[in-house]
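Residue numbers (the numbering used here), protein chains in the order written: chain A, 1 to 402; chain B, 1 to 402; chain C, 1 to 402; chain D, 1 to 402. Where is the CB? At the ideal position from N, CA and C, for every residue including glycine. I have placed the structure first, in the form of C-alpha cells, so that the comments after it can refer back to it.
Following this line, the structure appears as C-alpha cells:
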C-alpha cells in the first residue's frame, strides 16, 4: 500500500500526469516549528538539473501545506501537502505505446492492475518520491532539533567508479589470504564528519573531488545509462531503537530503502564484505566512553546489534540499477508478442544516483522517527513502574551503564 | 513487534530458556491438508548438527499443533503451534555475566528494555526462528500445491570461499574495462534447476561439491567464526505481486530477510554488481513465450520490476555476519566500563550459514503468501467489474498478453 | 490515527481553517468508472442548509480529484482528493477563547496535544467528515455496481420524537409481562424498501411525513440543541464478511460509526431491546429461499451471526448527542479555573442528525468494502485448493447450501 | 483477524476441542512484576459455575505462561500463554449436525470458510475469550500499578429486569414532556464507588441485592434463555487518550466490546438516552477541581469528549443477546433446506451475562493500555521540543490547566 510507518505514518498519492502529487503525514509531534521552506530545501535538492547548484532558486515543485500547522507550529494532526504537476495532460498515444518498456514497470503494472496510466508505470514514476522527501524533511527537523540527529547521504559509486576506501579488497580475490578491512579508517572518518554542504559541492554528490570528476566523465554518454550506489550515515541516533523480531532496525531500514525506485541492494555496517571477516576481528569490543557510557571500539555492526541501535553511527549502502530509459534502440517485443525495436524519445538522465541522495535521507529520517516514537512509548511506560529489586543484577541495566 | 504480515500473519514468542517457543499463524486459507510432519521436515532441517544427514531422525524440536486444524485440514482459523524448550532453567550466574558480549544483543536489549533475559539477548536467540520456520512450512505447502511454487535456498559463500560463477568480475578491478556479467549463464542455470535434495547432499548446503569441501575445511577452526551468504530462488511465483509504493515486493522480501538474526545485507537480481552494468545491457528485453505470454530474455531484474513480480524466477542473496560467539579471548569492557577479557565457554558453531537455509526459505514463503493474498483480493474485485471500453487500448492489458 | 481500513484504506487530513480538507483512498479496485460527480452527490447531501432541497445546485464543497483516475477510470493506485476551505484565516481571538467550550473538544485536544487549532477542536470539526463521505461514495459505487449493494440511512428520532414502530415497548415498563417485539414488521418492511429519494423528501430525512413534521417543529428552538438517532440498512451484502475474532463485522461497523463526531451509541439488529427477548423468540430460524439458498425467517440478528454476515439485511442504529454549541449562556469555567459564563456567537444548527445521514452511509460503505476485499482474498485462495474429501460431511459447506 | 491493538497487541488462537486455547501478548512494558496467579484470578472469574463463589478453588482453566517473564518480571518481549482444553476430541457426529443451529455461527462460518470445526462455530466458542481475559489481566496490572486505574463491570439488566436508577424515563413515553435524567445521581454514585468484591457478592453479579434476586428467579427456566446488559466503569484514566479521527476512544472501546461474542449494542456516557436531552442540559460545564485541575460538573459525556478522554470516569454499557442454545425444540431447516425440528442436548447456561463481566473488564483494560502507550509516545516526543512562544496563548495549554 501507499502508507509507511505505524506512529509516524506517511501516505502518498500521485502519478506523473495527474493534478498533483502529495502526502499526508500523520503522527508528527505537536509543537514543532515548521514552515514550507523547511520542506522545500530537500524537495529542491531532488529536482532534476542539479548539476549547477548556483543557478537561481528553482521555482518548480513548490510544496503547499494544506493542514496540520498554524502560525508555523505543528498541531499534532495530519499534515496534508501537495506539489502540483506541470504536465497534467495524459500522455499522447504513439507507436511506442505498443511496447512495454524493458525493465520499466509498464508490464508489471498491467499484470497487477489490468490497467495502467497512459504515461506508463504510474506510481513507479520518480515524482512519487516527492511525498517521501517532504515527509522526511519533517521527520528530520524533529530529530535534529531534539536529538541532534544528522543524516547525510552521498554517492559512493557510479558504474565501476567507486569512492576509494569505501570497501576492502575484492571478495573475488579468493587466493588472497589477507582478508583485509571491510571498514577502513578513512571511510569511518568520512562518515563521522561528512556534511550535506560538502556533498552538494560536487554535481555528482560524491564527496571526493577526483572520483567525482571521473564519475562526471563516465556519465556523459547520453545514449546509455549507468547505476551506482548511495552511502548514508545517521549520526546521534539514541540506542534502543528497532523492534525485535520482525521489525529489527535494519529490517525496517532495508524495507524503506528498497522501496525507493530502482534499488536492488542494501547493506548495513560491514555488509556483504563483512561476511568474509572472522568473528575475532568482526566483533566490536566494548569500551568506556566519556561519562561512563559504553561504546564500541570498532563499528563493523553499523550501529545496530541484535536489530537494535547501539548509539554508534548507523551507516548503510544502497545499490541503484542503471535507469531503464535509454536512447539507443533495443530489441524487444510488443504486448502481443510481436518482436520489434524500441528507442526512447527525448532527453533522459543517464544516471539518477545523485538525485537519489535526498530520497535516501528522507526515508532514513522516516524510519528513525517511527522507531523512536515506538521506543518512547515503551520507555515512558517502563519508567513509571516501581524499580524491581528481586532480579539478578546482570538482568538489569546497571547504574554504570547507560 | 513480533508479528509479520497483513493477511497471512505470523506472530511468534519465546526465548532460549522459557517453557516453549511458538507461533500463531493467522490467515492460512481454509481447506489445506496439513499435518505436523509437513512442518517438522523444515524444523528438522534447521536443527544444529546437520552435518551428518544420515543419522537417525532427530527427536528434538517436535512441533505441537494446538489449533486451527481438524482431521488434518486447516479451518481458516489461527494455527497455534509450539515447540518445547529442553533447558528451561534460567541461566546460572557467572563472572562472564558482568560483560555484555561483543556484537551480541546483550547490551542493546538492555538499552531497549532496561532488562534482559538471564540467558542474554532474549528474543535474539536462534530458537526464535523456530516459529518462522514452522509458519513458512505452512505457507509453502499452500503455494506449492496451488501454484507449484518452489523455494530453494543454498549456501553461496562461506568467508572468502564463493560458489564459482555466482557473480562477475570484481567491482574493485576498476581498471578493467570489461564490465562482465553480474549474472552468469551457469548461475542462471543453477537457480532454475536446483532442488533441496541436491542442497542437502552437502553438509555445508553448498550445491557445488568442490566448493563445499573447501568450505568444510575453512570452518574447522573452532576458536574463531566466519560468516557467509545464502542465495535463494523462488520459482513459479505469479506476476503482479508486490504493493506500490512502500511495499514493493523486494522491499517486503528485504525486510523479511533482514529480520533473520545475523543478516547484514540483501540484494535481489543483479544486486550491487548490477549497478556497474549499463542500461543497454542490464535491461531485460521482452520475448514471446509459448502460448503468447510475454517473458524476458534475460533476468537481471531478478523477477521483480517496478516493485512487482513479473513471473520470472525471483532470486536474491543475503549476507550473514560471522557469529559473535567465539572461544578465543576478546578484549572488551564490563557493563560498568571496567576493561577485561571475555571468552565464551562451551562448544559453538563457527559458521551458522548452512542452518540459515530453511529460515531463508521460510521467510520467502511467508512474504510470497502474504503478497499473494493481497493481490488476490484486488484481482478478484477487479474481475467482477464490467469491462471498460472507453480507454486507449494501450492502457489495458491486451488480449495477447497475460 | 487518521487512517481507516486495511485493504480499502482511507486517510484524511484537515481542520476548519486550513487550506483544504482531503483524503487519500488507497485500494480502490482498478477499472471502476468514476467521476467527480459520483462523489459530489454525497458531498452535497452533507452540506449545511439542506432543508430546501429544491434550491439550485450548491456550488460549495466541490471535490477535486488529484490522482488515481485517468479517462474516468480508476487505475488501482491511490485516489487523492481535496475540497478547499472557504475560510482559511485562523480564527480571531476573543474573550470566549479563555473558555474551553463545554462538551466540545477544546479541552481534550489540549490535554492530548498540548496545543490546539485556534478555531477550537481541530480535527473534531465537522469538515473532517468530508473526506469520509468522498471515500464512502467511491466504495459505494463499486459495491453497487458489482453486488447491487444498497445503503440507506435515515433519521429515526430527534429528541424524544421517534419514528413509530422502530422499536417495541419500553424496556422500563418492568411490570409488563408482554415482552413485545424489538423488531416490528413495519420496521422490517421499511428497511427492506426505503430509498434515498424517499429519505430526502423530508428536510429532516425521516421517512415518515407526520413524524418528520413533528421533528421540524421540535428543532425550531435556536437557543438550544437536540440529539437524535440515525438508522441505516445495508442490503445485498454477500455472506461471509467479518473477521473472527476481534474484527467481527459488527465490531468494525461499530468502530466506524462511533468514530463519527457526536456519536455515543451503536446497536445492530435487535440491539439493546433484543437483550430482553428470550432465545426461543430471538433466534432466527433457517428457511429455504428460492434456489435452495438458506435464509432466516426472522432477522433479529440484523444480518450478522457470530460476527459474520449471513446475507440478510444489515441494519443498525446510531445515537448522536445534542450539539455542544448553543446560543444560551452556560455557567462554566475558564482554562485557569475562573468561573464564568459563556454563550456561543452566531448561528448554530440545533440538530445535526439529518446531515449525519450521508456520513453514516459513507462509513458503512467503507466498512463493507474493506471486509469484502479481505474475504475475497481468502475465498479466492481457498477456491484454488483441491477439494477435500476426507472430512465428515457436516464440516463442509454442502452442495445444497450456498 | 485474531489480533487486537497496535502497541499493546493481543493475538489469540483456539477452538473448543483443539489442544489448547492461548494468546501472545506483545508490547507489555518491561519490568512489570507478574505471576500466573495475577492472570488466574480473572480466568477463574470467567469460568462457568460461578454461582457459589465459596466453593474450593477451581482447578480448571489453569494458565501456563510460556515466555516473556523471568523471575516473575516481564522482559518486554512477547508473553505466550496457554490453557489446555479438557475435551480435545472432535465432536461426535449426530443427526443434529445436519442443522445449522439458529443464531449460532455454524452457518456463517461455513459461508466464510467453506469449512467449519466439527464442534460448530469454531472461534465463536466462548473458550476463545480465555486469551482475552488473560491479556486483559496483564494490562490491568500495569494500569493499576502505575495509574491506579480501576475497572469494574457489573450486570445492569437481565431480560426486562433492570438495575434501578441506571437510566431515566422511557424514551417511548413520548407524551411526557419531562425529559428526565439519562444519568441519575444514584447511578453516578454507584459507578464511582463500586468494587469487584461487591459485584461478586451476588451470583448474578448485579450489585443491587433485590434486583439480583429477581434476576436469579428470572433465569431459572432452563428451557429458554435470556440476554442482558453489562455496565462498566473505568476510573483514573489519564486525559488525552484516543486518536482522532478514526480511532476515537469510544470507537476503539466500542470495537473491542462488540467483538465479544453475543454483543449487539454499545453505548458510552448518556448513550441512546442522551440523544433526547437538550444541549443546555447535556453539556458538561467545567469546574475547577482541587489543585487547579479542570473537571466537569456533570458527566453526560462518560469521560470522553471529541473522542479523547478527559480524566472523568469512563462508563459504558453493552447489550448481550440471549444465548442461541436452548433446550426447547425449534422449527428450522437443515443445510440442504429440508425443514425440521432441532433441540439442543445437554445442559446449557440460560444467561451468560454474569460470566461476561471479566471479559468486558479485560477488553476495557486492553483498549486503555494500547491507547495509553500511543499517547505516551506522542507526549514524550512533544515534551522534548523547546517551548513555543510565538502562539496566541489560547492555543497552548495554559499553566493553570492540566
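In three-state terms, what does DSSP make of residue i?
i, result
"residue 243 of chain D", "strand"
"residue 177 of chain B", "Confidence in residue 177 of chain B is poor, its pLDDT being 44 and thus under 50, which makes the residue's placement unreliable; the coordinate value appears in the next sentence. Three-state result, residue 177 of chain B: coil."
"residue 138 of chain B", "helix"
"residue 37 of chain A", "helix"
"residue 293 of chain D", "coil"
"residue 266 of chain A", "strand"
"residue 284 of chain C", "coil"
Can you find a CB in chain C that lies within less than 7 Å of the CB of residue i?
i, result
"residue 382 of chain B", "yes"
"residue 311 of chain B", "no"
"residue 388 of chain B", "yes"
For chain B, is any of its Cβ atoms less than 7 Å away from the one on residue i?
i, result
"residue 213 of chain A", "no"
"residue 16 of chain A", "no"
"residue 148 of chain C", "no"
So which residues on chain C does residue i lean against when the C-beta distance must stay under 8 Å?
i, result
"residue 87 of chain D", "Near residue 87 of chain D there are no residues of chain C at all, since even the closest Cβ is about 17 Å away, more than 8 Å."
"residue 369 of chain D", "What residue 369 of chain D touches in chain C: nothing, since even the nearest Cβ is about 15 Å away."
"residue 323 of chain D", "279"
Check whether the Cβ of residue i lies closer than 7 Å to any Cβ atom in chain A.
i, result
"residue 136 of chain D", "no"
"residue 97 of chain C", "no"
"residue 141 of chain C", "no"
"residue 100 of chain D", "no"
"residue 354 of chain C", "no"
"residue 197 of chain B", "no"
"residue 111 of chain B", "yes"
Only counting the same chain, and skipping five residues up and downstream in sequence, which positions put a Cβ closer than 7 Å to that of residue i?
i, result
"residue 143 of chain A", "149, 365, 368 and 369"
Once you ignore the five residues that flank residue i on each side, which residues in its own chain have a CB closer than 6 Å to its CB?
i, result
"residue 129 of chain C", "359"
"residue 252 of chain B", "367"
"residue 65 of chain A", "36 and 81"
Please list, in chain order, the chain B residues whose beta carbon lies closer than 9 Å to that of residue i.
i, result
"residue 266 of chain A", "254, 258, 265, 266 and 267"
"residue 377 of chain A", "Simply none; closest approach about 12 Å."
Of all Cβ atoms in chain D, is any one closer than 7 Å to the Cβ of residue i?
i, result
"residue 318 of chain B", "no"
"residue 209 of chain A", "no"
Cβ closer than 8 Å: which chain B residues qualify as neighbours of residue i?
i, result
"residue 3 of chain D", "3, 9, 11 and 26"
Would you mind telling me which residues of chain D sit closer than 8 Å to residue i, beta carbon to beta carbon, in chain order?
i, result
"residue 372 of chain C", "Here the premise fails: no neighbours, minimum Cβ distance about 12 Å."
Since residue i meets chain A, which of its residues come closer than 9 Å, beta carbon to beta carbon?
i, result
"residue 326 of chain B", "278, 279, 280 and 283"
Closer than 8 Å by C-beta to residue i: which residues in its own chain qualify, once you throw out the five before and the five after it? Chain order, please.
i, result
"residue 41 of chain A", "137"
"residue 87 of chain C", "16 and 17"
By the criterion of Cβ-Cβ separation under 7 Å, what are the contact partners of residue i in chain D?
i, result
"residue 391 of chain A", "71 and 73"
Problem set entry | Residues within the segment 273 to 304 of chain B neighbouring chain A, beta-carbon criterion of under 7 Å | Along the segment 273 to 304 of chain B, going in chain order, the ones with a CB nearer than 7 Å to a CB of chain A are 274, 275, 276, 277, 278, 279, 280, 282, 283, 284, 285, 286, 287, 288, 292, 294 and 301.
Exercise. Just by C-beta distance, which residues in the segment 72 to 83 of chain D are closer than 8 Å to chain A?
Worked result: From the segment 72 to 83 of chain D, only 72, 73, 76 and 77 have a Cβ closer than 8 Å to chain A.
Problem set entry | Where the segment 218 to 249 of chain D meets chain A: residues whose CB sits under 8 Å from a CB there | Here the close residues are 244.
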